[in-house]
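**Student:**
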Amino acid sequence: MVLHWILNPGLVVNELILGQRVPKISLEDKTSDKPRIERGLIPCPHCETLHDGRTWSTENGTAFKNWFGLYCNNCNNIIPCIINVWSFLILAITFPFWGWFRKRLKNNWLKNQPQRFKNIDVEKLPNPFDKKTWVKTGLSWGFFMFIIMTFLFPYFDGTEITLKKALLSLIIWTIGGLFFGYIMKLFFNAAIKKQQ
Ligand SMILES: [Zn+2]
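Here the sequence shown stands for residues 30 to 225, numbered as in our numbering.
#1: With DSSP as the reference, please indicate the residues paired to PRO52 in a beta bridge.
#2: For PHE217, count neighbouring C-beta atoms within 10 Å of its own C-beta (all shown protein chains included) and say buried if the count is 16 or more, exposed if not.
#3: Can you tell which of ALA121, HIS75, MET174 and LYS53 has the C-alpha that lies nearest to the C-alpha of ILE111?
#4: Enumerate in chain order the residues of its own chain whose CB-to-CB distance from LYS135 is below 7 Å, with the five nearest sequence positions on each side excluded.
#5: DSSP puts ASP81 in a beta bridge; with which residues?
#6: For VAL42, which residues from the same chain have a beta carbon less than 7 Å from its beta carbon, with the 5 sequence-adjacent residues on both sides left out?
#7: Per DSSP, LEU32 forms a beta bridge with which residues?
#8: Round the Cβ separation of ASN95 and PHE146 to the nearest angstrom and send it over; I've been treating them as touching at under 8 Å.
#9: Check GLU57 in the structure and name its three-state DSSP category.
#10: Leaving out the 5 sequence neighbours to the left and right, which residues in its chain are closer than 7 Å to LEU45 when beta-carbon positions are compared?
#11: I need the DSSP call for GLN225, collapsed to helix, strand or coil.
Set out below in structure tokens:
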């Protein structure tokens, strides 16, 4: 998953525009018999708090806008994140345009974080891959990819968008979305097999 995050050029949108980030270190509680999604832990290297992996989630409104990294609401520092190589290249090339404002942007962003993380309660979160919700999660992802790959990318590289191509793409991403949702369901709901 980390390798995918680093290499997939499509994730530039998630990282640079939406501000979705992936921490450098994620841990998994191997002593709990809960499904994997409830066992994920993200350590803060500054204060050594083990955050629940679901702290940064769409339900909490904290999955996005994390442009400078994942905010630690215990010590007000930033948990280091990995960066997609394409995002890195874009940031490097455009550095002369935004480099001047980096400090100010970061300070403003940092100032807004405490209130975003004030009322986080991970225990109340629904499992996005529970029972039948994986279908919805998968299809939403498929639809997002459909829009990006069928309209956004061709728009920028000047390729013609035809009805035939769009329909084909819709079919591919519907199936792809369901496939993705199902794999995620298997992955995140996996519980550790108890030793006999
Ligand atoms: Zn911390």
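Idealized CB from N, CA, C, for every residue including glycine. This one's a predicted model, so the numbers in the text were calculated from it and none came from an experiment.
**Tutor:** According to the structure data:
#1: For the purposes of this step, residue 52 is taken as the residue at position 23 of the sequence shown. Per DSSP, CYS110.
#2: Counting from 1 along the sequence shown, the entry for residue 217 is found at position 188. Classification for PHE217: buried.
#3: Walking along the sequence shown from the start, residue 111 turns up at place 82. Residue LYS53 is the option with its Cα nearest to ILE111.
#4: Translated into positions along the sequence shown, residue 135 becomes position 106. Cβ within range, chain order: PHE97.
#5: Locating residue 81 in the sequence shown gives position 52, counting from the first residue. Answer by DSSP bridge pairing, in chain order: LEU70.
#6: Residue 42 sits at position 13 when you count from the first residue of the sequence shown. Counting only Cβ-Cβ distances below 7 Å, and skipping sequence neighbours, we find ILE177.
#7: Counting from one through the sequence shown, the residue named residue 32 turns up at place 3. Paired residues: none, contrary to the question.
#8: Residue numbering aside, residue 95 sits at position 66 when the sequence shown is read from its first letter. Residue numbering aside, residue 146 sits at position 117 when the sequence shown is read from its first letter. Not confirmed; about 11 Å, so no contact.
#9: Here residue 57 refers to the residue found at position 28 when the sequence shown is read from its first residue. Three-state DSSP puts GLU57 in a strand.
#10: Taking the first residue of the sequence shown as position 1, residue 45 is located at position 16. Closer than 7 Å at Cβ, skipping near neighbours: SER116 and ILE119.
#11: The residue labelled residue 225 in the question sits at position 196 within the sequence shown. Only weak support is given to the placement of GLN225: the predicted model assigns it a pLDDT of 48, under 50, and the question is left unresolved by the model.
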